Structures are given as C-alpha cells and as structure tokens.
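**Student:** Let me begin by handing over the structure; questions about it come next.
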Amino acid sequence: MRVRRIGVLTSGGDAPGMNAAVRAVVRTALDKDALVFAIYEGYRGMVQGGDRIRPMNWQSVGGILHQGGTVIGTARCAEFRERNGRLQAVRNLLSHGIDNLVVIGGDGSLTGAQVLNEEWPELVAELVTRGEIAPETAERHPHLTVVGLVGSIDNDMYGTDISIGADTALHRITDAIDAITSTAASHQRSFVVEVMGRHCGYLALMGAMASGADWVLIPENPPNLDDWEDKMCQVLRKGREIGRRDSIVVVAEGAQDRYGNPITCHYVRQVLEERLGEDTRVTILGHVQRGGSPSAFDRNLSTLLGAAAVETILSGEIDGQAYLLGIRNNTIKRTPLAECLQRTHEVNEAVRNGEYEKAMAMRSASFEESFRTVRTLVRALPHEPEPGQQSLRIAVLTAGGPAPGMNTAVRAAVRLAVDKGHQMLGVYNGFKGLVDGEIVPLDWMSVNGWAHLGGSQLGTNRHIPRNSDFYAIARNLEEHNIQGLLMVGGWSGYEAVLELHKRRDIFPAFNIPMVCLPATIDNDLPCAELSVGADTALNSIVGAVDKIKQSAVAARRVFVVEVMGRRCGYLALMSALATGAERVYLHEEGVTLNDLLVDLKELIKGFKRGKQLGLIIRSEGANDTYTTDFIASLLKEEGGDFFTVRQAILGHLQQGGNPTPFDRIMATRYAAKCVEYLEEQIGRPDAVSACIGLVAGETRFTPLAELPQLMDWENGRPKQEWWLNLRPVARIMAQPAPHSRAEVEG
Ligand code: ADP
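In terms of my numbering, the sequence shown opens at residue 2 and continues consecutively.
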C-alpha cells in the first residue's frame, strides 16, 4: 500500500490548543508510517508553496504542548478565496504528493477546506490541461480527503460541544471576572465586562455562569423588552438593597437588542451611571482571551482529536470526503463537514434575521438550558411563590475529600430550589453533621459569592455513618421534616448514601429520594465519567509540572512527580497526556521491577542521544512497594552520570484552588438537574434514589441500587474506567522518536 501523505495547517484566528493538535497529528502519522507535512501560515502557505510546506519529524513538534497560539503560524488569505489561488494550492500540495488534509480553524477556514475538497477533481484536471502536472500525478490523486477540527475560542460551530481553545478562553474570562469582582466589591462598584463572541454568546453565557455575574447580554437572546435597561437596573438595584457589594454585567461583543441594534459595553455603562447613579467601569478583555498557555482540557481535547483525525484518514473510511471531528458528551464523533457548515450558517442567519428563538433552539440543547439556569441565578431575589405552589424541604451536604466546585454546586442548588419555592437546609460537616444535627436553613443570600470559592463552605469530611449514627440521622431527618437529600461529594459520600439507602426498610426516615452529585478530584466514581473538581486538580498538576519542567532547562534531569488519586490513575494519565510525560505509572496497569528496568534503560538511551529532560508521573497508589521515593532512588543510583533525579510530591495543592470554569459549569448544570430530579421524585411511592453522571455519551441518573456491583470496593474505583482507552494515544505521544519510520529528513 502506498504511504499516505498528510498535510496539517492552522488557519484563521489562533486558539490555544492548536499546537497540541498539530503535535498529535504529526506524531500519530509518523507512528503509523505516514508522511506528514506542516503547511505554514495556513492557506497563504498553501498558495505560496516552496518552503511554506515542510515535512515534519518527531522533534519538530517537541516542547510545544504548553505553548499558546500556533507554532506553524496562521494567516488570513484573500487569494485562497479565489479559484486561481486554490489552483496554485492544489499544485503545491501535489508537488509533495499530499492529498489528505487536517485543517484546524474556525468557520471560515473549514469553509475553505470544504470548497477545496469539492473542487479538487476539476482543479487537478485543469492543472493537467495547463501542463503543470503530469496526467499520472492526476490519476494518483483523484480526490482530497479532509478532516476539520474546530480551532476557535468562540465555540460557534455545529458538530462539537466545544471547540479547541474555548475552555482556555473561559479560564481567562473567569480569572478576570473573579479579579474584577474582588475590586468591585471593595469599592461597591459596578463593572461592565466585554467578552469575545460576535455571533455566539457561548463565552459570555458560560463566563457569566461560572463567575456568578449579575447580568448577561448575548447575541442569540436579546432582552425581549423594549425597556430592557429598566429591567436590568431594577434587578441590580434590588441586588444592592439586599446586600450585594458589586454588580457585574457581562456583555458579548455581538450583543444586540431585539431590533438588531448593537448593545455596546459603553452603552451599558452609561445606562448604569445614569439610572442607578453608580460608579461604573468598563473592562474589555480583548485578546487576552486568546492568549496564554492552553488549559489541561484544551491540551487533551486537541491531542485526542489530532490523533483521531489521522486515524480516521488512515482507516480509508472517508477517502475523498470532508468530515469534522468533534466531541459530544465526552465521545469523539464525526459529522460531514458540509452539514456542520450549513447548520452553523443557519444559526448565524437566524441571529441576523432576528429569529432568536430559532437561533437558541439550533444551538445545542445545553445552551438553552444554561441560559435558563443563568437567568435564574442572576436574580436579585427569588420569584414570589405562587398560591398553592408546593414547597419541599430539601437538605444539601458535601461529603468526602474537598473538591473545588462543591460550593458552586451548593449555591446553584440552593438558588434554583429556593426560586421554585422550596426550603433548602444546609447540613454542616457532611454526614457527621447529619448525625449531630448541624442543620440550618439556607436562603438566597446565604450562598452569595460562593460560585467561585474553592473548598466547601458547608464543610466536608470522610465520615461514614455506623451503628448508632443511623438512629441519630433518622431522628434529625424527621425532626427537620426533610423530604429529599442532595449529597455533593466523593467516594465516602457515595458510600454513606448507600448505607442509608440500604437501611430504608428499617428507618422509614431514610425512605426519601436521595441524589448524589459526583464531586471529587480523583474522578473515581461509578456512573460518572467526569466528576466536579477533577478538572481543577488536573490544571493544578499541569501548572505545577510546567513550572517543574522549566526549572530544568539546562540540567540533564529526570523528574518523578507523584499525583493524587489513590488507586485511580485518572489524574496521573490525564496529566501525563497534558504535560508530555514519557512514562506514567498507574495501579490499574501495575508496576513491576521489569517495567522499571526497561524504563531506566530507555531513559539512559535517550540521555546518551542528547535528551535534556525526563518526566515520569506516578499515581500515588500505583504500587505499595515501588513508591515514588523508591523509583527516584533507583533512577539516581543507576542513572550514573547521565542524569540527575528529583522527585516532587504535589500533595494538597491538588485539592485546593478555586474551581475551573469547566468544574463550575458542570457543578451548576448537575445541581440544576438534581433539583429537578428531587422535585419529580419527592412524594412518589416508588421514588428512586440515584446518582447523576455522564455515562456513554449521555448525562443520566443511575439508580443507587445498581451502584454496588459497578464499584471495585477493594481498590476504591469503578470496575469500568473509560479513560483507560486513552492509554494508546498517551503511549504514542510519549514514546521516543521511532527510527524505522517513513520520516523524511528536512
Ligand atoms: P476562521 O477560520 O477563524 O473563521 P476566517 O474567516 O478569517 O477565519 O477564515 C480563514 C481563511 O479561510 C480565510 O482567510 C480564507 O483564506 C479561507 N476562507 C474563508 N472563507 C472561505 C471561502 N468561502 N472560500 C474559500 N476560502 C475561505
């Protein structure tokens, strides 16, 4: 079979994570014996040809994973919009025998890729007619295969839940709003913050949700009142009256009123100053949102998509066609590129034509749902209960190790439930507090400012009820007339809920619907592919490892870094993927002396060839005998003059910190669903207690009765761990450069 030749380019606006995607495309291609070429400066390089199209080798993409922007450059190219420009592009691609492309860019770049895919046969024929290529060349390359990856911070494309770069942009936005909130609160000021998004309000909406902002304006959903300014001012005024010390209004670049007139941040400021008499400042975040090192999520998303792009091309299943690869509910999905472009353009068209309901419906279901949630959360006060409205008494507690995002979940649950007329009761100190009766009513303002706080304001611990605890808990539940329970927490929280659930025949008070919301940095829970807190921990690890790596620029050094997770290797594997570690030790795979010896030899070989830095990540529970200390000592003893060794046990910094936007958004969404679930279940004779989580591409409630057989009790992790499937990609990325590959010198 002939060797495939793949070209990769980044185009349009740059986005953090593009480098990780390019790295994954290059290394996966080389690993699978394909030839891979970088097309520098996007379509401009394709049209110009010459040294703008260069073969890549293993090292060409070394050391770029943590860098923002794109090292192969990006540009806008007017010539490529013309047929003649594309004719030059085809000639240049064919001069290298390239007839497969991975295009990483936004709507415009992917439109260009679609056009090229469609026109390829006629452009090739024209080149033959002009005598610019031989007829045999044309025969060998009858069509162009295209895989598009959405690289754009705006997240405005159909076909993927999230684009490469959007998560990092949300990091910048929430960091900025958190910082602004603290200064605004000190001076009792109002701030208007403008975020990017000309057609798409994703960043503004999610930024507002994650930061607990007080008002948000997006293009797809203009305020439906003529005097929306008055409504906004009323809410903000009332917020001040009940004790908010600041007002933050988030405005998307493309925000507009319902007649299509732009709503600028300066206009909003003027309104606030005139109508509220408030000292108001404007912050336009601008290009800061595009810049900086990619988040752990963006690095891993890009790596997995880049690898999948090459695998899709090499599978031969889409020869001559154009597809978009994206992620839906944590699963990689491919969709014809033409369909994605068409649907994206339809939404933009709907926004332009003022068909806002249609536009909202055409964005993903979660977009509309998030908008509704944010609209409730920004209220100054809950709705007045309607006559006859049922009022339920729901308790909420946090349990297990601290996980960033617990407060976000509790805040959202309290506000969303209180807004529906329910009474929320906060249980302090987890199940210990439920035994001791530390139960207090929580109202709208008791959770004010909790959205961005790490740790748990309610307090959390690993207490699991035993013996007489059950009587005490039953008595407290009855005394407070608790009708439903929301537990936000990790493994021991789940265990505690299961203990109560098991005894519901003995203690009638336990016969209430209970729901578990997964919150643990370890990500070791059954029926929840992702838990709240894990993304924050992952980012803390990745930030620390980036710094550790930088500390060793000149020295020949191996670092052994230990990360948390007990016997669940999620954090270890995902941080290895995001930092480019060459080896990761997991309990799931086991560690043998032979493994250590093989790895030692590989390291020595690498350093002999000029390697400067080695990075090994070890999950804390990987092996009881081969501890981090043991491994570091072994390498030190045997590494001789080739390298020095340092170990870093990252410890509790992994549990701390404010939650990332990803964790805040997941916590808020899950809390909203849990409140709805409890409302449905309370009072039903056949009420089912359950846990929420993402399972095989769907967020669902799994009945508690099904949990015990899905849990590996001995090792404290689920029996099935989806992320173990990512090991082959991690291995390919981390291996030393393969030698016998079809690599081209250059
Ligand atoms: P983005 O990819 O971020 O949306 P642009 O819209 O600027 O960025 O598009 C990037 C490049 O893609 C353009 O400079 C142009 O070369 C190419 N392109 C965009 N639209 C088309 C089109 N309709 N036909 C051909 N090429 C296009």
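Using N, Cα and C, we set each Cβ at its ideal position, and we do this for glycine too. Keep in mind the model is a prediction, meaning the values are calculated, not measured.
Counting only the same chain and skipping the five closest in sequence on each side, list residues whose C-beta sits under 8 Å from that of Pro122.
**Tutor:** Walking along the sequence shown from the start, residue 122 turns up at place 121. Cβ within range, chain order: Pro143 and His144.
**Student:** Check each candidate in Val543, Glu530, Val646 and Ile683 and name the one with the smallest Cα separation from Arg558.
**Tutor:** As a first step, residue 558 must be located in the sequence shown, where it is residue number 557. Ranking the options by Cα distance to Arg558, first place goes to Val646.
**Student:** Please name the residue or residues paired with Lys433 in a DSSP beta bridge.
**Tutor:** Looking up residue 433 in the sequence shown gives position 432. When DSSP reads this structure, Lys433 sits in no beta bridge, so it has no partner.
**Student:** Taking Cβ positions, are Ile542 and Ser576 nearer each other than 8 Å?
**Tutor:** Residue mapping note: residue 542 aligns to position 541 of the sequence shown, counting from 1. Residue mapping note: residue 576 aligns to position 575 of the sequence shown, counting from 1. Against a cut-off of 8 Å, the Cβ pair of Ser576 and Ile542 comes out as a contact.
**Student:** Any idea if Asp320 is buried or exposed, counting beta-carbon neighbours within 10 angstroms, 16 or more meaning buried?
**Tutor:** Taking the first residue of the sequence shown as 1, we reach residue 320 at position 319. Classification for Asp320: exposed.
**Student:** Whole angstroms is fine: what's the gap from Ala545's alpha carbon to Ala538's?
**Tutor:** The residue you call residue 545 lines up with position 544 of the sequence shown. The residue you call residue 538 lines up with position 537 of the sequence shown. If I take the Cα positions, the gap works out to 11 Å.
**Student:** In whole angstroms, what separates the C-alpha of Thr377 from that of Gly213?
**Tutor:** For the purposes of this step, residue 377 is taken as the residue at position 376 of the sequence shown. For the purposes of this step, residue 213 is taken as the residue at position 212 of the sequence shown. Rounded to whole angstroms, Thr377 to Gly213 spans 11 Å at the Cα level.
**Student:** Any heavy atom of the ligand ADP closer than 7 Å to the beta-carbon of Phe81?
**Tutor:** If you number the sequence shown from 1, residue 81 lands on position 80. Yes, the Cβ of Phe81 comes within 7 Å of a heavy atom of the ligand ADP.
**Student:** List the DSSP bridge partners of Leu150.
**Tutor:** Position 149 of the sequence shown, counted from the start, is the residue given in the question as residue 150. Residue pairing by DSSP places Leu150 opposite Ile105 and Leu326 in a beta bridge.
**Student:** CB of Asp108 to nearest heavy atom of the ligand ADP: below 7 Å?
**Tutor:** Residue mapping note: residue 108 aligns to position 107 of the sequence shown, counting from 1. Indeed, a heavy atom of the ligand ADP lies less than 7 Å from the Cβ.
**Student:** Taking Cβ to Cβ, would you say Asp299 is nearer than 8 Å to Ile165?
**Tutor:** Here residue 299 corresponds to residue number 298 of the sequence shown, with the count starting at 1. Here residue 165 corresponds to residue number 164 of the sequence shown, with the count starting at 1. Yes.
**Student:** Nearer than 7 Å: is that true of the beta carbon of Gly13 relative to any heavy atom of the ligand ADP?
**Tutor:** If you number the sequence shown from 1, residue 13 lands on position 12. Correct: Gly13 has its Cβ closer than 7 Å to the ligand ADP.
**Student:** Rounding to the nearest angstrom, what Cα-Cα distance links Ile617 and Val592 in this structure?
**Tutor:** Against the sequence shown, residue 617 aligns to sequence position 616. Against the sequence shown, residue 592 aligns to sequence position 591. If I take the Cα positions, the gap works out to 13 Å.
**Student:** Write down every uninterrupted run of the beta strand (DSSP E) in the stretch 450–493 whose length is 3 residues or greater and which is fully enclosed by it, in chain order.
**Tutor:** 485–490
**Student:** Note the first and the last residue of the continuous alpha helix (DSSP H) segment covering Phe368.
**Tutor:** Mapped onto the sequence shown, residue 368 falls at position 367. Counting along the chain, the alpha helix (DSSP H) containing Phe368 begins and ends at Ala366 to Leu378.
**Student:** Is the stretch 289–299 in contact with the stretch 240–250, if contact means three or more CB pairs nearer than 8 Å?
**Tutor:** no
**Student:** Are there 16 or more other CB atoms within 10 angstroms of the CB of Asn540, so buried, or fewer, so exposed?
**Tutor:** Within the sequence shown, the letter at position 539 stands for residue 540. By the neighbour-count rule (16 or more Cβ atoms within 10 Å), Asn540 is buried.
**Student:** Taking 7 Å as the limit between beta carbons, can you name the residues of its chain near Pro729, skipping five residues before and five after?
**Tutor:** In the sequence shown, the residue the question calls residue 729 occupies position 728. Nothing meets the Cβ criterion.
**Student:** Under 8 Å, do Ala39 and Gly152 count as touching if we go by C-beta distance?
**Tutor:** Within the sequence shown, residue 39 is the residue found at index 38, counting from 1. Within the sequence shown, residue 152 is the residue found at index 151, counting from 1. Contact flag unset, no.
**Student:** Which residues in the same chain have their Cβ closer than 6 Å to the Cβ of Trp723, if we skip the five residues on either side of it in sequence?
**Tutor:** The count along the sequence shown starts at 1 and reaches residue 723 at position 722. Only Glu530 meet the Cβ criterion.
**Student:** Would the beta-carbon of Ser164 be found less than 7 Å away from any heavy atom of the ligand ADP?
**Tutor:** Taking the first residue of the sequence shown as position 1, residue 164 is located at position 163. Checking the Cβ of Ser164 against the ligand ADP gives no.
**Student:** Tell me whether Ser541 counts as near the ligand ADP, meaning its Cβ is closer than 7 Å to at least one heavy atom of that ligand.
**Tutor:** On the sequence shown, residue 541 is found 540 positions in, with the first residue counted as 1. Because no heavy atom of the ligand ADP lies under 7 Å away, the Cβ of Ser541 does not count as near it: no.
**Student:** Can you look up Asp513 in the DSSP assignment and give me helix, strand or coil?
**Tutor:** Locating residue 513 in the sequence shown gives position 512, counting from the first residue. According to the sequence as given, residue 513 is Ile; it is not Asp. DSSP places Ile513 in coil when its eight states are reduced to three.
**Student:** Could you check what DSSP says for Tyr586 in three-state terms: helix, strand or coil?
**Tutor:** Here residue 586 refers to the residue found at position 585 of the sequence shown. Reduced to three states, the DSSP call for Tyr586 is strand.
**Student:** Which residue or residues does DSSP assign as beta-bridge partners of Leu426?
**Tutor:** Position 425 of the sequence shown, counted from the first residue, corresponds to residue 426. Bridge partners of Leu426: Ala396 and Pro442.
**Student:** Could you tell me whether any non-hydrogen atom of the ligand ADP is closer than 7 Å to the CB of Val116?
**Tutor:** To locate residue 116, count along the sequence shown from 1; it is residue 115. Checking the Cβ of Val116 against the ligand ADP gives yes.
**Student:** Out of Pro704, Val562, Cys675 and Ser690, point me to the one whose CA is closest to Arg619's CA.
**Tutor:** As a position in the sequence shown, residue 619 is number 618, starting the count at 1. Answer by Cα proximity: Val562.
**Student:** Cβ of Gly113 within 7 Å of any heavy atom in the ligand ADP?
**Tutor:** Looking up residue 113 in the sequence shown gives position 112. Yes, since a heavy atom of the ligand ADP falls inside the 7 Å radius drawn around the Cβ of Gly113.
**Student:** What are the start and end residues of the alpha helix (DSSP H) that includes Gly202?
**Tutor:** Here residue 202 is taken as the residue at index 201 of the sequence shown, counted from 1. Premise fails: Gly202 is in no alpha helix (DSSP H) and is neither H nor E.
**Student:** Is Phe631 helix, strand or coil by DSSP?
**Tutor:** The residue labelled residue 631 in the question sits at position 630 within the sequence shown. Note: Phe631 maps to helix in three-state DSSP.
**Student:** Spell out the partners DSSP gives Met712 in its beta bridges.
**Tutor:** By one-based count along the sequence shown, residue 712 stands at place 711. BP columns for Met712 point to Pro719.
**Student:** So is Gly747 buried or exposed if we call it buried at 16+ other beta carbons inside 10 Å?
**Tutor:** Taking the first residue of the sequence shown as 1, we reach residue 747 at position 746. For Gly747, the predicted model reports a pLDDT of 29, less than 50, meaning its position is unreliable; a value from the coordinates is still stated below. Looking at its Cβ environment, which holds fewer than 16 other Cβ atoms inside 10 Å, Gly747 is exposed.
**Student:** What is the residue span of the alpha helix (DSSP H) that Ala649 lies within?
**Tutor:** Stepping through the sequence shown from its first residue, residue 649 is reached at position 648. That residue, Ala649, is in no alpha helix (DSSP H); its beta strand (DSSP E) goes Thr645 to Ile650.
**Student:** Nearest to Glu496 by CA position, among Gly106, Val26, Glu254 and Leu711, is which residue?
**Tutor:** Taking the sequence shown and counting its residues from 1, the one referred to as residue 496 is at position 495. Selected option, being the one with the closest Cα: Leu711.
**Student:** Which term fits Leu171, buried or exposed, when burial requires 16 or more other beta carbons within 10 angstroms of its beta carbon?
**Tutor:** In the sequence shown, counting from the first residue as 1, residue 171 sits at position 170. Classification of Leu171: buried, given that the 10 Å Cβ count is 16 or more.
**Student:** My understanding is that Arg463 touches Gly401, with C-beta atoms under 8 Å, so please give their C-beta distance in whole angstroms.
**Tutor:** Taking the first residue of the sequence shown as 1, we reach residue 463 at position 462. Taking the first residue of the sequence shown as 1, we reach residue 401 at position 400. Indeed they touch by this definition, with Cβ atoms about 6 Å apart.
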